[in-house]
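In my numbering, the protein residues as written are 1 to 180.
Glycine included, C-beta positions come from ideal geometry on N, C-alpha and C.
On a predicted model such as this, the values are computed, not experimentally measured, just so you know.
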């Protein structure tokens, strides 16, 4: 059986196919994710869903992290093998990011250089978080390699850094949908 689409349905009746969901929400901050869901609810359902789903959905997400989050095999060894200064620059909130890194055993591989959406005024897709992490590492952003897991954020990051005067190359041709 070959699947062509996977539908994600929230408790409020919003339905996204996997491609749409990943493009729109992957890499966004938690606040931006909630704002996006609310905008979609108003546009698609004609009503707010914030009061109906925010608490229960946040609790289900936290429970999923606590019970299902595991390290990708080999990640710790790969991270430990990086001999250059390194940091995490995540659109997650600090509390959530710290929990996740500690759960998978990566906290000690990055601390104290763990930066979240809470550390900057403008979060992803603005390049501010990456520029902040570079400054904290004591290196010019032009000398940094950024590994980004979101196609959308890779596109925005490249655009944002180029607008700041940086030269950016994306070596990620294997990801479908990346148009640079």
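Alpha carbons only, please: which of the options is nearest the one belonging to residue i?
i	options	result
residue 146	84, 36 and 100	84
residue 20	91, 31, 37 and 30	37
residue 80	107, 94 and 66	107
residue 42	14, 65 and 139	14
residue 115	98, 103 and 45	98
residue 67	103, 46 and 94	103
Determine the direct distance from the alpha carbon of residue j to that of residue i, and round the result to whole angstroms.
i	j	result
residue 133	residue 27	17 Å
residue 181	residue 60	It is not possible to answer for residue 181, since the shown part of the chain is limited to 1 through 180.
residue 53	residue 139	42 Å
residue 89	residue 56	28 Å
residue 32	residue 24	10 Å
residue 75	residue 113	17 Å
residue 117	residue 48	25 Å
residue 72	residue 78	10 Å
residue 62	residue 148	23 Å
residue 18	residue 50	22 Å
residue 45	residue 16	13 Å
residue 188	residue 137	Coverage of the chain is limited to positions 1 through 180, which leaves residue 188 absent and any answer about it impossible.
residue 58	residue 65	11 Å
residue 22	residue 40	15 Å
residue 135	residue 82	19 Å
In terms of residue numbering, what span does the beta strand (DSSP E) encompassing residue i cover?
i	result
residue 17	15-17
What does DSSP give as the partner residue(s) for residue i in the beta ladder?
i	result
residue 115	89
For a quick check, are the C-beta atoms of residue i and residue j less than 8 Å apart?
i	j	result
residue 91	residue 123	yes
residue 110	residue 126	no
residue 100	residue 69	yes
residue 131	residue 121	no
residue 93	residue 30	yes
Can you tell me where the alpha helix (DSSP H) holding residue i begins and where it ends?
i	result
residue 125	Neither: residue 125 is in no alpha helix (DSSP H) and is coded neither H nor E.
residue 98	94-103
residue 69	Per DSSP, residue 69 belongs to no alpha helix (DSSP H) and is neither H nor E.
residue 30	30-45
residue 109	107-110
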